[in-house]
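*Asks:*
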Amino acid sequence: IYSRTIYGARASILVGVFASIATVLIGGAMGIVAGYYGGWLDAVVSRVTDIFFAIPLLLGGILFMATFPNNVDSPYLLVVGKVVLVLSIFGWPGLARLMRSSVLQVKPNDYVQAARALGATPWRIIRSHVLPNALAPMIVVATINLGVFIATEATLSFLGIGLTPPAISWGVA
1364 IYSRTIYGAR
1374 ASILVGVFAS
1384 IATVLIGGAM
1394 GIVAGYYGGW
1404 LDAVVSRVTD
1414 IFFAIPLLLG
1424 GILFMATFPN
1434 NVDSPYLLVV
1444 GKVVLVLSIF
1454 GWPGLARLMR
1464 SSVLQVKPND
1474 YVQAARALGA
1484 TPWRIIRSHV
1494 LPNALAPMIV
1504 VATINLGVFI
1514 ATEATLSFLG
1524 IGLTPPAISW
1534 GVA
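Each residue of the sequence shown is one higher than the last, beginning at 1364 in our numbering.
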């Protein structure tokens, strides 16, 4: 049991790290776009975020993984990728809201206004000024979400719809 637990850590941590990275990329991009440009784009992104927020992470994972089950002969990385995809699809809205609020907080600062006055393009302002100053809260929450993703993957695997044998994870160990 001990050796399966140690060996299962590889898959569980792999799923957690990749799901965290994917949610940071998806949620960060959506939050930056919504917060920086505002207007109707912010309204659309916020409503899409609300739709995904209405589906809990574990319930969405159960529904998706039960609808598209793994085959016995599926490659290891495909099975891991499917679980990462499910966790990313249902896990990004919280980070998008957080990034949106951070961008709204950074956007009126003097250095952003000065860059805009000097004629910097919106992409340069986002990349050079807004993103570095709005990223810190997102890193903290993404690190906390890492444990949530590992626990959700273990739950899905324990139910028999997450990582399936021959893959070993903390839910199957």
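For glycine and all other residues, C-beta sits at the position ideal for the given N, C-alpha and C. Since the model is a prediction, treat every value here as computed from it, not as a measurement.
Using a Cβ-Cβ cutoff of less than 6 Å, which residues in the same chain neighbour R1373 once the five nearest sequence positions on both sides are dropped?
*Replies:* none
*Asks:* Can you tell me which of T1527, V1535 and W1533 puts its alpha carbon nearest to the alpha carbon of L1441?
*Replies:* Ranking the options by Cα distance to L1441, first place goes to T1527.
*Asks:* Could you tell me the alpha carbon to alpha carbon distance between G1379 and L1509, rounded to whole angstroms?
*Replies:* Looking at the two C-alpha atoms, the distance is approximately 5 Å.
*Asks:* Could you give the distance in angstroms between the alpha-carbon of G1523 and the alpha-carbon of Y1365?
*Replies:* 21 Å
*Asks:* Express the C-alpha separation of G1525 and W1533 in angstroms, rounding to a whole number.
*Replies:* 11 Å
*Asks:* Among the residues of its own chain, which have a CB less than 6 Å from the CB of L1467, if the five just before and after it don't count?
*Replies:* Excluding its 5 nearest sequence neighbours in each direction, L1467 has C-beta neighbours in its own chain below 6 Å: G1398, listed in chain order.
*Asks:* Between I1502 and I1395, how many whole angstroms is the CB-CB distance? I'm expecting something under 8 Å.
*Replies:* Going by Cβ atoms, the distance from I1502 to I1395 rounds to 14 Å, so no, they are not a contact pair.
*Asks:* So, T1412 versus P1456, is the Cβ gap smaller than 8 Å?
*Replies:* Taking the C-beta atoms as reference points, P1456 is found nearer than 8 Å to T1412.
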